[in-house]
Amino acid sequence: VKLCSSEECTNQAQKGGVCIKHGAKVKRCSSAGCTNQVRKGGVCIKHGAKVKLCSSEECTNQAQKGGVCIKHGAKVKRCSSAGCTNQVRKGGVCIKHGAKVKLCSSE
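Below, the structure is given as structure tokens:
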């Protein structure tokens, strides 16, 4: 994961090596008045971008890995803290057990 090249910023870099706060441009939905990020075909999910659904019969969950949702067998890493079943966010642990969500520190 590359970090923003702006001094002292710990956000994840987007296009051009900088985070959104420091000038990386993200495409916005083309639907009138919508500011959501584009997912596919110039629109956000709310306005018609298609997302892959679980291939399991009658399931409407979004597919993760292997074309199925977590409920139907998509493998996800779990927190390494004893007894915790939360999904890993960073460093092998969930947010509850220390995975930090880094914010930009340059103002």
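In our numbering, the protein residues as written are 266 to 372. Every residue, glycine too, gets a C-beta built ideally from N, C-alpha and C.
Could you work out which residue in the options is closest to residue i when comparing CA atoms only?
{"i": "Lys286", "options": "Ala297, Glu322, Ser271", "result": "Ser271"}
{"i": "Gly307", "options": "Asn326, Arg293, Cys344", "result": "Arg293"}
{"i": "Ser321", "options": "Gly313, His312, Gly331, Ala314", "result": "Gly331"}
{"i": "Gly298", "options": "Thr275, Ala328, Ala347, His312", "result": "His312"}
So, using beta-carbon positions, are residue i and residue j closer together than 8 Å?
{"i": "Val316", "j": "Gln302", "result": "no"}
{"i": "Cys324", "j": "Cys309", "result": "no"}
Could you name the residues that DSSP lists as bridge partners for residue i?
{"i": "Arg354", "result": "Looking at the DSSP assignment, Arg354 forms no beta bridge with any residue, so it has no partner."}
{"i": "Arg343", "result": "Gln352"}
{"i": "Val237", "result": "For residue 237 there is no data in the structure shown, the boundaries of the chain being 266 and 372."}
Reducing DSSP to helix, strand and coil, say where residue i ends up.
{"i": "Glu273", "result": "coil"}
{"i": "Lys280", "result": "helix"}
{"i": "Glu372", "result": "Model confidence at Glu372 stands at a pLDDT of 44, short of 50, so the residue's coordinates are unreliable and nothing is read from them."}
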